[in-house]
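First comes the structure, then the notes that go with it.
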Amino acid sequence: MSFARILASFRRCKVLEDGDQSTPLARCLGVLDLTGLGTGSTLGLGVYVLAGAVAKSIAGPAVTISFLVAAIASALAALSYAEFASRVPKAGSAYVYSYVSVGEFVAFTIGWNLIMEYMIGTAGIAKGMSLYIDSLCNNTMAARMTEIAPIHVSFLADYPDFFAFALVGVITVLLSVGVQESTKLNNVFTGLNLITVIIVVVAGAIYSDPANWRIQQADIPEEYKAKAGTGGFAPFGVAGIMAGAAKCFFGFIGFDVVATTGEEAKNPKRDIPLAIMLSLLIVFLSYFSISTVLTMMLPYYEQDADAPFPHVFTIVGLTAVKWIVSIGAIFALCTSLLGAMFPLPRVIYAMGTDGLLFRPLAAINSKTKTPLTATVLSGLMAAILATIFNLNQLIDMMSIGTLLAYIIVAMSVLILRYENVEPEVQELTVDTKPTTKTSSNTNLLGSKQPTKLTSTIAKITMALSFVVAIAACALLRWEQSVVALGVLGALLIASLFILYLQPRNDVESLSFSVPLVPLVPYLSVCINVYLMLQLDYETWIRFVIWIILGYLIYFFYGLKHSSLIEKTTEELNNNVKEEKRAGTS
Numbered sequence: 004m005s006f007a008r009i010l011a012s013f014r015r016c017k018v019l020e021d022g023d024q025s026t027p028l029a030r031c032l033g034v035l036d037l038t039g040l041g042t043g044s045t046l047g048l049g050v051y052v053l054a055g056a057v058a059k060s061i062a063g064p065a066v067t068i069s070f071l072v073a074a075i076a077s078a079l080a081a082l083s084y085a086e087f088a089s090r091v092p093k094a095g096s097a098y099v100y101s102y103v104s105v106g107e108f109v110a111f112t113i114g115w116n117l118i119m120e121y122m123i124g125t126a127g128i129a130k131g132m133s134l135y136i137d138s139l140c141n142n143t144m145a146a147r148m149t150e151i152a153p154i155h156v157s158f159l160a161d162y163p164d165f166f167a168f169a170l171v172g173v174i175t176v177l178l179s180v181g182v183q184e185s186t187k188l189n190n191v192f193t194g195l196n197l198i199t200v201i202i203v204v205v206a207g208a209i210y211s212d213p214a215n216w217r218i219q220q221a222d223i224p225e226e227y228k229a230k231a232g233t234g235g236f237a238p239f240g241v242a243g244i245m246a247g248a249a250k251c252f253f254g255f256i257g258f259d260v261v262a263t264t265g266e267e268a269k270n271p272k273r274d275i276p277l278a279i280m281l282s283l284l285i286v287f288l289s290y291f292s293i294s295t296v297l298t299m300m301l302p303y304y305e306q307d308a309d310a311p312f313p314h315v316f317t318i319v320g321l322t323a324v325k326w327i328v329s330i331g332a333i334f335a336l337c338t339s340l341l342g343a344m345f346p347l348p349r350v351i352y353a354m355g356t357d358g359l360l361f362r363p364l365a366a367i368n369s370k371t372k373t374p375l376t377a378t379v380l381s382g383l384m385a386a387i388l389a390t391i392f393n394l395n396q397l398i399d400m401m402s403i404g405t406l407l408a409y410i411i412v413a414m415s416v417l418i419l420r421y422e423n424v425e426p427e428v429q430e431l432t433v434d435t436k437p438t439t440k441t442s443s444n445t446n447l448l449g450s451k452q453p454t455k456l457t458s459t460i461a462k463i464t465m466a467l468s469f470v471v472a473i474a475a476c477a478l479l480r481w482e483q484s485v486v487a488l489g490v491l492g493a494l495l496i497a498s499l500f501i502l503y504l505q506p507r508n509d510v511e512s513l514s515f516s517v518p519l520v521p522l523v524p525y526l527s528v529c530i531n532v533y534l535m536l537q538l539d540y541e542t543w544i545r546f547v548i549w550i551i552l553g554y555l556i557y558f559f560y561g562l563k564h565s566s567l568i569e570k571t572t573e574e575l576n577n578n579v580k581e582e583k584r585a586g587t588s
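Counting with the numbering used here, you get residues 4 to 588 for the letters of the sequence shown.
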């Protein structure tokens, strides 16, 4: 295949027929099921561990603001997901969205990273759940396994965690049985999790003291002064709040699981956007309330970073509440584990259906109506990762794929809004491309319809602003040169103004659309770039290795077996046959 043909393959986009709602999967999920799935997959390790860890040494009581910043970043991304869910009601989440709007190469990249995110997320939560349960048993399993089968490899765990392997195995069986059965169990566990959060907030509020948000540096005990910052509400300053936000972002990973259910939702165009926003709101309120109560009950420097609530309730003498929280945390981790693994086989199924991954992975079981092969294989891989890797190593890899997915979805929203759509294309893709009728939202120059020129200007502006955003965020992360930041900031504002000058496509026919375009997706891209650059270099190295492995699969298999190239070949063959018939007649 020539280089020119390869480049053309990179840009080919998937076309969905108007009104195409056909699917071999079972459409059985309503708003309640989808909201429970999104809430359960998100409200897990974060609420029981993250608040204490970030408050203790990163943000102090201002962890509440860190959660707010992380929630805003997630909400901006959620708006883009919600619009695409109303455009493309298909399984595969950001993978399908980018395939329809940006092109095959970007779609494969994002799909491959989603597989990494969900697989490592499943393994990480299983590992965390195993460690949490083991801690309630005085670390008996860890001590015994370290004695029997120690692993002396620096980048692996200290011992093989077969309990974590078993936990992933149980979830794999549940998801293989059927989506409706597994979501019913998820709804029960999510309800118990929310009840636990309410109990914690109510009990904690009784023992809260606002004075713990106003502790002066002179009043901090000597044994804590070295690592307690300057005291007060934000003892580590604005830098601590933003660093905390980067950590707290981990607690909001999971709402995008709702977007992978496009072929299993009863009314995807309405239910998915609504469920995304509802689940994100519930999770934010839970995190904000929990972190407020936690830091008011006990000074931030005395928090336990690994198990904050059992520690704080033991100190105030509420032993019964301590055990309620411990049991509730187990239910929370169960829902997180189910929610983390739920989208994994569906992304693999979507990519297998398109021929970008091996087609046997797209097989649907006739009885359960689930992608059984993809479920079993992904469960096995996640179980192996949970068995041999350390929890911190797994957590470090979770965010990078998610952030990249958020960036591409936000950029895709911008591309679709400014794209020049030809009438003949629209007849095939009413739902996946913006309509070209006169827009009710005119641009600043009074033009009402994108042209090829304005579309090109918009795309070039987006590309340049992305590069400038990377440079600006890198300066914020390492150099913090005021003059350079001022110049780059001015360029970002100028780019945004140029985008506002270009005409945009009308989206009145969509059940949900991102408001304040281009501002909202533009901010989403900038914030997510900043959070990506907070990750350490080891995470980036692992990420690059994973990407290289994926591209080997794409170039040696997906490029040749893509459904789009097969469809094009079939159309060419049909055209040749028609010409031969015409010639003979």
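We put the beta carbon where it would ideally sit given N, CA and C, even for glycine.
(message) G404 and E107 - do their beta-carbons sit closer together than 7 angstroms?
(response) Along the sequence shown, read from residue 1 onward, the residue named residue 107 stands at position 104. Along the sequence shown, read from residue 1 onward, the residue named residue 404 stands at position 401. Contact flag unset, no.
(message) Going residue by residue through the segment 317-376, where are the continuous alpha helix (DSSP H) segments of at least 4 residues, counting only ones entirely within it?
(response) 322-344, 346-356
(message) Let's test the definition: count the other Cβ atoms within 10 Å of the Cβ of R507 and tell me whether it reaches 16, buried, or not, exposed.
(response) Counting from 1 along the sequence shown, the entry for residue 507 is found at position 504. Of the other Cβ atoms in all chains shown, 16 or more fall within 10 Å of the Cβ of R507; this residue is therefore buried.
(request) Reducing DSSP to helix, strand and coil, say where L536 ends up. (result) Translated into positions along the sequence shown, residue 536 becomes position 533. Three-state result, L536: coil.
(request) State the Cα-Cα distance for the pair L380 and A466, rounded to the nearest angstrom. (result) The residue you call residue 380 lines up with position 377 of the sequence shown. The residue you call residue 466 lines up with position 463 of the sequence shown. One C-alpha to the other measures close to 37 angstroms.
(request) Identify whether L32 lies in helix, strand or coil by the three-state DSSP scheme. (result) Mapped onto the sequence shown, residue 32 falls at position 29. Correct three-state label for L32: strand.
(request) Out of A472, G320, G492, Y409, point me to the one whose CA is closest to I75's CA. (result) For this step, residue 75 is matched to residue 72 along the sequence shown. Checking every option, the nearest Cα to that of I75 belongs to Y409.
(request) Flag this pair as yes or no: are the beta carbons of P521 and A413 separated by less than 7 angstroms? (result) The sequence position of residue 521 within the sequence shown is 518, counting from 1. The sequence position of residue 413 within the sequence shown is 410, counting from 1. For P521 and A413, no; Cβs fall outside 7 angstroms.
(message) Residues in the same chain with beta-carbon distance under 7 angstroms from T390, minus the five sequence neighbours each way, listed in chain order, please.
(response) On the sequence shown, position 387 is the one that residue 390 refers to. P163, D164, F165, A167, F168.
(message) Can you give me the C-alpha to C-alpha distance between L419 and N116, rounded to a whole angstrom?
(response) Position 416 of the sequence shown, counting from 1, holds the residue named residue 419. Position 113 of the sequence shown, counting from 1, holds the residue named residue 116. Cα to Cα, the separation comes out at about 22 angstroms.
(request) Taking T464 and I411 to be in contact with their CB atoms under 8 angstroms, please state how far apart those CB atoms are, rounded to whole angstroms. (result) As a first step, residue 464 must be located in the sequence shown, where it is residue number 461. As a first step, residue 411 must be located in the sequence shown, where it is residue number 408. Between I411 and T464 the Cβ distance is about 17 angstroms, and since that is not below 8 angstroms, they are no contact.
(request) Output yes or no for whether 7 angstroms exceeds the beta carbon distance between L311 and K325. (result) Here residue 311 is taken as the residue at index 308 of the sequence shown, counted from 1. Here residue 325 is taken as the residue at index 322 of the sequence shown, counted from 1. Going by the sequence as given, residue 311 is Pro instead of Leu. Their beta carbons are not under 7 angstroms apart, which means P311 does not touch K325 by this criterion.
(message) Using the Cβ count rule (16 or more neighbours within 10 Å means buried), how would you classify L431?
(response) Translated into positions along the sequence shown, residue 431 becomes position 428. Annotation note: pLDDT 33 at L431 (below 50); position unreliable, no value reported.
(message) So I318 and L297 are supposed to be a Cβ contact under 8 angstroms. How far apart are they, rounded?
(response) Working through the sequence shown from its first residue, we reach residue 318 at position 315. Working through the sequence shown from its first residue, we reach residue 297 at position 294. Not really, about 12 angstroms apart at Cβ, beyond 8 angstroms.
(message) Would M132 and L347 qualify as a contact pair, given that the criterion is a beta-carbon distance under 7 angstroms?
(response) Your numbering for residue 132 matches position 129 in the sequence shown. Your numbering for residue 347 matches position 344 in the sequence shown. Going by C-beta atoms, M132 is not nearer than 7 angstroms to L347.
(request) Keeping to the same chain, check which residues put their C-beta closer than 6 angstroms to that of A97; ignore five residues upstream and five downstream. (result) In the sequence shown, counting from the first residue as 1, residue 97 sits at position 94. Correct list, in chain order: I113, A408, V412.
(request) Taking V205 as the reference, give the member of S179, L321, H155 with the closest Cα. (result) In the sequence shown, counting from the first residue as 1, residue 205 sits at position 202. It is L321.
(request) Tell me Q219's beta-bridge partners as DSSP assigns them. (result) In the sequence shown, counting from the first residue as 1, residue 219 sits at position 216. According to DSSP, Q219 bridges with G234.
(request) Can you grab the Cα-Cα spacing for the pair N531 / L406, in whole Å? (result) On the sequence shown, residue 531 is found 528 positions in, with the first residue counted as 1. On the sequence shown, residue 406 is found 403 positions in, with the first residue counted as 1. Looking at the two C-alpha atoms, the distance is approximately 6 angstroms.
(request) Could you please give the first and the last residue of the uninterrupted alpha helix (DSSP H) stretch that includes V416? (result) Your numbering for residue 416 matches position 413 in the sequence shown. 401-421 is the extent of the alpha helix (DSSP H) around V416.
(message) Using the three-state DSSP reduction, which class does D164 fall into: helix, strand or coil?
(response) As a working note, residue 164 is residue 161 in the sequence shown. Looking at D164 - three-state DSSP - the assignment turns out to be coil, as it is neither helix nor strand.
(request) Determine the burial state of G153: buried for a count of at least 16 other Cβ atoms within 10 Å of its Cβ, exposed for fewer. (result) For the purposes of this step, residue 153 is taken as the residue at position 150 of the sequence shown. This sequence places Pro at residue 153; Gly is not what is there. Looking at its Cβ environment, which holds fewer than 16 other Cβ atoms inside 10 Å, P153 is exposed.
(request) Following the continuous alpha helix (DSSP H) through G240, name the residue where it begins and the one where it ends. (result) Position 237 of the sequence shown holds residue 240. Start and end: 240-251.
(request) Return the residue from the list K462, L383, C529 that minimises the CA-CA distance to G172. (result) Position 169 of the sequence shown, counted from the start, is the residue given in the question as residue 172. When only C-alpha atoms are compared, the closest one is L383.
(request) Label A242 either buried or exposed according to how many other C-beta atoms from any shown protein chain fall within 10 Å of its C-beta, with 16 as the threshold for buried. (result) Here residue 242 refers to the residue found at position 239 of the sequence shown. Exposed.
(message) Going by C-alpha to C-alpha distance, which of I279, A229, K228, A65 sits closest to C251?
(response) Taking the first residue of the sequence shown as 1, we reach residue 251 at position 248. Closest option to C251, Cα to Cα, is A65.
(message) With H, G and I counted as helix, E and B as strand and the rest as coil, what does DSSP make of A268?
(response) As a working note, residue 268 is residue 265 in the sequence shown. Strand.
(message) Spatial neighbours of S179 within its chain, please: C-beta separation below 7 angstroms, excluding the five flanking residues on both sides.
(response) Counting from 1 along the sequence shown, the entry for residue 179 is found at position 176. Contacts found: T371, T373, L375, T378, V379.
(request) Please classify D259: does DSSP put it in a helix, a strand, or coil? (result) On the sequence shown, residue 259 is found 256 positions in, with the first residue counted as 1. In this structure, D259 counts as helix in the three-state DSSP scheme.
(message) Mapping the DSSP letters down to three states, classify D274 as helix, strand or coil.
(response) Counting from 1 along the sequence shown, the entry for residue 274 is found at position 271. Of the three classes helix, strand and coil, the one that applies to D274 here is helix, per DSSP.
(message) Three or more C-beta pairs under 8 angstroms: does that hold for the segment 227-237 against the segment 355-368?
(response) no
(message) I believe V261 touches I285 by the beta-carbon criterion, under 8 angstroms. Please report the beta-carbon distance rounded to the nearest angstrom.
(response) Position 258 of the sequence shown, counted from the first residue, corresponds to residue 261. Position 282 of the sequence shown, counted from the first residue, corresponds to residue 285. About 12 angstroms separates the two Cβ atoms, so there is no contact after all.
(message) Judging by CA-CA distance, which residue of L536, Y135, W543, G63 is the nearest neighbour of A335?
(response) The residue given as residue 335 occupies position 332 in the sequence shown. Comparing Cα-Cα distances from A335 to each of L536, Y135, W543, G63, the minimum goes to Y135.
(message) Quick test of your reading: I293 and V50, contact by CB under 8 angstroms. State the CB separation rounded to the nearest angstrom.
(response) Taking the first residue of the sequence shown as 1, we reach residue 293 at position 290. Taking the first residue of the sequence shown as 1, we reach residue 50 at position 47. Confirmed, about 5 angstroms.
(request) With a 10 Å radius around its C-beta and 16 neighbouring C-beta atoms as the bar for buried, classify E422 as buried or exposed. (result) Indexing the sequence shown from 1 puts residue 422 at position 419. The residue in question, E422, is buried, as its Cβ has 16 or more Cβ neighbours within 10 Å.
(request) Using alpha carbons as the reference points, say which of D357, L456, C337, V34 lies closest to V18. (result) Numbered from its first residue, the sequence shown carries residue 18 at position 15. Taking only the C-alpha atoms, the option nearest V18 is D357.
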